[in-house]
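K.L.:
Numbering (the numbering used here), first residue to last: 17 to 320.
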Ligand SMILES: O=C(O)CCC(=O)C(=O)O
Ligand SMILES: [Fe+2]
């Protein structure tokens with residue numbers, strides 16, 4: 017089944033139907049005023065070719081550090097005989113004080129060429145922290161967990177779900193991506209011992225329930241389209257051509273319950289480090305999971 021496509025959608029309806037309803041959707045008119053030409057491989061190479069980038073495999077294991085130009089030359093425009101690309105640039109903005117090739121300066125420079133999509137709420141957000149109740153514009157704000165994804169034809173992000181029940185927004189600037197989506201209630205079929213099935217090459221001995229399982233949605237994301245991955249949905253993304261996208265994560269207050277339940281069930285989840293980072297201006301860095309849930313419930317209590 018294909019993902020529902022909508023346009024001219026209000027923030028209220030997006031919140032109600034898709035964030036609260038926890039359903040995926042593709043919005044087809046969210047990038048109309050953006051400068052997509054700025055994001056072509058040729059232009060990115062010209063503007064940022066010397067920048068160092070992290071290059072990953074089809075999950076999130078770092079393979080190498082190289083320049084953007086080196087990556088594009090080796091992985092884009094590959095001929096049939098060279099075969100598909102296997103490596104993938106996931107270029108995130110700064111999450112913590114560690115030596116890393118973050119993308120902050122590149123995002124700063126690209127700022128005028130895109131924007132926060134009109135239907136994505138910028139208030140009432142649990143993540144990113146919004147203590148001062150000011151609006152958060154994904155584009156203006158230095159936003160940990162925002163990334164530029166640059167990837168040659170054939171490269172892939174294998175099945176996973178995003179951390180701490182956050183949603184992801186994926187904006188497609190260049191090329192096409194094939195997307196498989198499995199709903200959160202398929203967890204026992206696609207995940208065993210914290211390992212995700214490779215949906216395109218499943219190990220049936222390890223994932224016996226996966227047999228004959230079809231994705232809830234299978235679709236192709238084209239330039240100018242934005243897909244919303246709701247919290248807890250499993251997604252697998254394969255580049256059908258050379259590709260450039262931007263992605264980020266957020267949590268809206270209508271989902272607070274789900275996030276708190278996740279924290280209570282998984283108090284040792286490594287990914288909570290990211291949650292703590294987002295809330296660093298509000299809570300002590302070493303806050304434990306129980307206190308974190310209490311803090312969030314109190315903060316949003318008036319509203320739930
Ligand atoms: O585009 C991809 O390869 C993966 C996207 C993704 O996992 C996300 O946006 O959360
Ligand atoms: Fe993801």
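Cβ atoms here follow ideal geometry from the backbone N, Cα and C, with glycine treated the same way. Keep in mind the model is a prediction, meaning the values are calculated, not measured.
What does the shell around ligand 1 hold, if a residue joins when its beta-carbon is under 6 angstroms from any heavy atom?
P.N.:
After applying the 6 angstroms Cβ criterion, the set is 165, 173, 178, 184, 186, 193, 245, 251, 253, 261, 263.
K.L.:
Between which two residues does the beta strand (DSSP E) containing residue 83 stretch?
P.N.:
Position 67 of the chain shown holds residue 83. Note, residue 83: beta strand (DSSP E), 78-83.
K.L.:
Please confirm whether residue 348 and residue 235 have their CB atoms less than 7 angstroms apart.
P.N.:
There is simply no residue 348 to check, as the chain begins at 17 and stops at 320 in what is shown.
K.L.:
Taking 6 angstroms as the limit between beta carbons, can you name the residues of its chain near residue 27, skipping five residues before and five after?
P.N.:
Within the chain shown, numbered from 1, the residue matching residue 27 stands at position 11. Correct list, in chain order: 135, 137.
K.L.:
Tell me whether residue 70 sits in a helix, a strand or coil according to DSSP, three-state version.
P.N.:
Along the chain shown, read from residue 1 onward, the residue named residue 70 stands at position 54. Strand, per DSSP.
K.L.:
Excluding the 5 residues preceding and the 5 following residue 310 in the sequence, name in chain order all residues of the same chain whose CB lies nearer than 8 angstroms to its CB.
P.N.:
One-based indexing of the chain shown puts residue 310 at position 294. Nothing listed; no residue qualifies.
K.L.:
Which of the three DSSP states is assigned to residue 312 in this structure?
P.N.:
Position 296 of the chain shown, counting from 1, holds the residue named residue 312. Helix at residue 312.
K.L.:
Could you spell out where the beta strand (DSSP E) holding residue 197 opens and where it closes?
P.N.:
Counting from one through the chain shown, the residue named residue 197 turns up at place 181. Residues 193-198.
K.L.:
So is the beta-carbon of residue 229 under 6 angstroms away from any non-hydrogen atom of ligand 4?
P.N.:
Questions concerning ligand 4 fall outside what the structure shown contains, since the ligands it does hold are ligand 1 and ligand 2.
K.L.:
By the three-class DSSP mapping on this structure, what secondary structure does residue 211 have?
P.N.:
Start at 1 with the first residue of the chain shown, and residue 211 comes out as number 195. The answer is strand: DSSP assigns residue 211 an E or B state.
K.L.:
Return the chain-ordered list of same chain residues with a C-beta closer than 7 angstroms to the C-beta of residue 182, the five sequence neighbours on each side being excluded.
P.N.:
Along the chain shown, read from residue 1 onward, the residue named residue 182 stands at position 166. Counting only Cβ-Cβ distances below 7 angstroms, and skipping sequence neighbours, we find 143, 247, 265, 266, 267.
K.L.:
Under 7 angstroms between the Cβ atoms of residue 21 and residue 42?
P.N.:
For the purposes of this step, residue 21 is taken as the residue at position 5 of the chain shown. For the purposes of this step, residue 42 is taken as the residue at position 26 of the chain shown. Yes.
K.L.:
At 3 residues or longer, and completely inside the segment 115-196: list those beta strand (DSSP E) runs for me, N to C.
P.N.:
Within the segment 115-196, the complete beta strand (DSSP E) runs of at least 3 residues are 141-143, 162-167, 172-176, 183-190.
K.L.:
Tell me which same chain residues have a C-beta within less than 8 angstroms of the C-beta of residue 220, skipping the five on either side of it?
P.N.:
The sequence position of residue 220 within the chain shown is 204, counting from 1. Closer than 8 angstroms at Cβ, skipping near neighbours: 226, 227.
K.L.:
Just to confirm, are residue 186 and residue 215 a CB contact at a threshold of 7 angstroms?
P.N.:
The residue labelled residue 186 in the question sits at position 170 within the chain shown. The residue labelled residue 215 in the question sits at position 199 within the chain shown. Against a cut-off of 7 angstroms, the Cβ pair of residue 215 and residue 186 comes out as no contact.
K.L.:
With DSSP collapsed to three states, give me the class of residue 320.
P.N.:
The residue given as residue 320 occupies position 304 in the chain shown. Here the model assigns residue 320 a pLDDT of 49, short of 50, so the residue's position is not dependable, and the following value carries that caveat. Correct three-state label for residue 320: coil.
K.L.:
What residue range is occupied by the uninterrupted alpha helix (DSSP H) comprising residue 279?
P.N.:
Taking the first residue of the chain shown as position 1, residue 279 is located at position 263. Its alpha helix (DSSP H) spans residues 272-281.
K.L.:
Let's test the definition: count the other Cβ atoms within 10 Å of the Cβ of residue 230 and tell me whether it reaches 16, buried, or not, exposed.
P.N.:
Your numbering for residue 230 matches position 214 in the chain shown. With fewer than 16 Cβ atoms within 10 Å of its Cβ, residue 230 is classed as exposed.
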